[in-house]
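Chemist: So the mapping is simple: this note's numbering equals the position in the sequence shown, first residue as 1, plus 622. We treat Cβ as the ideally placed atom computed from N, Cα and C, and that holds for glycine. Here it is, the structure in full.
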Amino acid sequence: MDDGNKESTKELLGSFRVIASADISIALALLVGATRFSETESGPLLWISISAFFLSFLASVYLFLLVIPRLQHEKPKIIEMPPVKAIAAASLCLFLVALVCLILHLLFV
């Protein structure tokens, strides 16, 4: 494995580490806030947002579990493997869906 691929893979893991920590932090904060508000203030968009943040967190953790062993065995072109691309895209899409749902919830409350 050349150094360029290894560095790119480490950068991918670093960016998804940030996404995973943001996912779990925002989801837990929203969950605590949603349980303290009345039913009218915590609508379905908020619960969809919380669920999408948790699913994005789980996808990021799965991405780590998928990439780290391959990085240790120095497999070539880890980022270009279809499972890695699919999980990374799913995690990022879930994160964006969660943000959009949260913004829509805040606009319409």
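Taking DSSP as the reference, what is the three-state secondary structure of isoleucine 700?
Modeler: Counting from one through the sequence shown, the residue named residue 700 turns up at place 78. Looking at isoleucine 700 - three-state DSSP - the assignment turns out to be coil, as it is neither helix nor strand.
Chemist: Please tell me whether serine 713 and alanine 674 are closer than 7 Å, where the distance is taken between their beta carbons.
Modeler: By one-based count along the sequence shown, residue 713 stands at place 91. By one-based count along the sequence shown, residue 674 stands at place 52. Their beta carbons are not under 7 Å apart, which means serine 713 does not touch alanine 674 by this criterion.
Chemist: Hey, how far is the Cα of methionine 703 from the Cα of lysine 697?
Modeler: One-based indexing of the sequence shown puts residue 703 at position 81. One-based indexing of the sequence shown puts residue 697 at position 75. Whole-angstrom Cα-Cα distance: 10 Å.
Chemist: Exposed or buried, histidine 695, counting other C-beta atoms within 10 Å across all chains shown (16 or more means buried)?
Modeler: As a first step, residue 695 must be located in the sequence shown, where it is residue number 73. Classification of histidine 695: exposed, given that the 10 Å Cβ count is below 16.
Chemist: Roughly how many angstroms separate the alpha carbons of alanine 649 and lysine 699, rounded to a whole number?
Modeler: In the sequence shown, the residue the question calls residue 649 occupies position 27. In the sequence shown, the residue the question calls residue 699 occupies position 77. Between alanine 649 and lysine 699, the C-alpha separation is close to 33 Å.
Chemist: Starting from the C-beta of alanine 642, find all residues in its chain whose C-beta is less than 7 Å away, skip the five residues before and the five after it, and write them out in chain order.
Modeler: Mapped onto the sequence shown, residue 642 falls at position 20. Same-chain partners within the cutoff: Phe679, Ser682 and Val683.
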